[in-house]
Ligand SMILES: Cc1ncc(COP(=O)(O)O)c(C=O)c1O
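Structure, rendered in structure tokens:
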């Protein structure tokens, strides 16, 4: 039987056992576990990989976003324009600083639609928080133009976009502040939680590194309010190793995505969301179909794991009860989340796995025609 996994951490470990074990031995025997040499080196190496000036390692992606908003002084009474289609953390970060999320409808790819953006900017708007959903780059060029015109900041949620490119540049290197998650399922994933903030602005970099560490300027001098949101040495050391292979593993994801596209494009009941037009890292490979639930059930019966990223738009989540500022109907986002399905697409899969999944999808739609 074909055994396909949506993520395959055991295979990753068995393939890299020697390297991972020696990294852990190195860190454990160093006797230094928090904010040390490994974190500093990772910050330098990741900033350099992205072509940005500063990287600040933090505890997770949610706090990367929260700290970025805190560094910008965003709080009660302020509005942050964002997307309704993302992980909960995108909105939770806005709520964490007591600001109000304002949701703008999405485009065909599930990304924030820049044609609607300006309409939502008012005197309380402090930032735009777009998401590079599934690893597809948000329209940062267009968003930057709008942000500059209205003098608002951009905090990019690049939590799914490690290694995504925009022309010659990397996603996350162009916004005022960009945030990454190193949750294990990410293209650059730790073996626990982790995150980072990336910026080219020295003042904000200093502020973010203070906020992640109790607001300390130097030891026991807490010049401002802060959190405990530190990346640890073990995760940083592992991330340094995995960063060396990021382009290679992203290449493998693109190869699998290309194969999916070749196999599925002819099925008229499917729309491919993550096509090759953009420069995605293919964190997720996502299709749309009106028969989403039936197809998901059919694939499950053939032991093919699929997921839905995400089944509910963020303003409809329980934590938003009583908090939605505008009664935006968001028709495109609502339709999008009813139709999307994420197919398995990870570097430990083979091209023949993609052939197998594609054949089953074809079989489902042929069967359904009769
Ligand atoms: C788009 C997006 N934003 C934010 C986050 C939050 O990251 P974390 O889980 O590391 O807090 C995630 C990860 O789940 C994400 O996918």
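Numbering (my numbering), first residue to last: 1427 to 1796.
Even glycine gets a Cβ: it sits at the ideal position worked out from N, Cα and C.
Between ligand 1 and the CB of residue 1516, the shortest heavy atom gap is smaller than 8 angstroms.
For residue 1729, the number of other beta carbons within 10 angstroms of its own is below 16, and it is reported as exposed. Placement of the Cβ of residue 1619 at a distance of less than 8 angstroms from at least one heavy atom of ligand 1 is found.
Residue 1681 has its alpha-carbon roughly 37 angstroms from the corresponding atom of residue 1461. Pairing residue 1775 with residue 1431 gives a Cβ-Cβ distance under 9 angstroms. If you check the C-beta of residue 1481 against ligand 1, you find no heavy atom less than 8 angstroms away.
The bridge partners DSSP lists for residue 1622 are 1483, 1606. Residue 1582: not part of any alpha helix (DSSP H); member of the beta strand (DSSP E) spanning 1579 to 1583, first to last residue. Taking C-beta separations shorter than 7 angstroms and ignoring five residues to either side along the sequence, the partners of residue 1666 in its chain run 1464, 1467, 1468, 1471, following chain order. Within the chosen limit of 8 angstroms, ligand 1 does not reach the beta carbon of residue 1707 with any heavy atom.
Ranked by Cα distance from residue 1583, the first of 1500, 1564, 1593 is 1564.
Note on residue 1709: 16 or more other CB atoms within 10 angstroms of its CB, so buried under the neighbour-count rule. For residue 1566, the enclosing alpha helix (DSSP H) stretches over residues 1566 to 1576. Proximity of the beta carbon of residue 1605 to ligand 1 is indicated: a heavy atom of the ligand is located closer than 8 angstroms.
The beta carbon of residue 1695 lies closer than 6 angstroms to those of 1715, 1791 in the same chain, with the five residues before and after it left out. Under the three-pair Cβ rule at 8 angstroms, the segment 1476 to 1495 counts as touching the segment 1510 to 1529. Take residue 1502, set aside five residues on each side of it, and the residues of its chain with a beta-carbon closer than 6 angstroms to its own are 1524, in chain order.
The beta-carbon separation of residue 1603 and residue 1617, rounded to 26 angstroms, does not stay under the 8 angstroms limit for a contact. Secondary-structure assignment with DSSP links residue 1648 through a beta bridge to 1642. Relative to ligand 1, residue 1557 has its C-beta within less than 8 angstroms of a heavy atom.
About 12 angstroms separates the CB atoms of residue 1705 and residue 1566; that is not less than 8 angstroms, and the two are not in contact. Per the coordinates, the alpha-carbon of residue 1556 lies some 29 angstroms from the alpha-carbon of residue 1642.
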